[in-house]
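Comments concern the structure below.
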Amino acid sequence: MKYTLAPGMSWTDTDEGMVLLNEKSGSYLTLNRTGATVLHGILDGKSPDELIATLQASYPDASERIAADVGQLMTSFEQTGVLRP
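The opening residue of the sequence shown carries number 10 in the numbering used here; numbering runs sequentially from there.
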């Protein structure tokens, strides 16, 4: 499934990851580097499975947690209105 950033959302990369701003409400969300990698990948059209495989290769010690973490992050993006299918 292809996702896009929801209307009214803007973002900027930072040294620590990313900051997302909801321009309508003024609320913001900060992501660490891994969260930013996931969001960039999703916006570039990668599937969650592709991102999970990439992250597991980069962080083998955390490979057991990565699938659940990516799933939770995707759910959070959808529930908070960051992403739209």
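Idealized CB from N, CA, C, for every residue including glycine.
Small disclaimer: the values here were computed from a predicted structure and weren't measured.
Express the C-alpha separation of Lys33 and Tyr68 in angstroms, rounding to a whole number.
Cα to Cα, Tyr68 sits roughly 36 Å from Lys33.
Taking Cβ positions, are Met18 and Leu48 nearer each other than 8 Å?
Against a cut-off of 8 Å, the Cβ pair of Leu48 and Met18 comes out as no contact.
Should Gly80 be labelled buried (16 or more other beta-carbon atoms within 10 Å of its own) or exposed?
It is exposed - the Cβ of Gly80 has fewer than 16 other Cβ atoms within 10 Å.
Can you check the region 12 to 46 for any alpha helix (DSSP H) of at least 4 residues that lies completely inside it and give the ranges in chain order?
Inside the region 12 to 46, DSSP marks no whole alpha helix (DSSP H) run of 4 or more residues.
Tell me where the alpha helix (DSSP H) around Gly80 begins and ends.
Segment 72 to 88, the alpha helix (DSSP H) holding Gly80.
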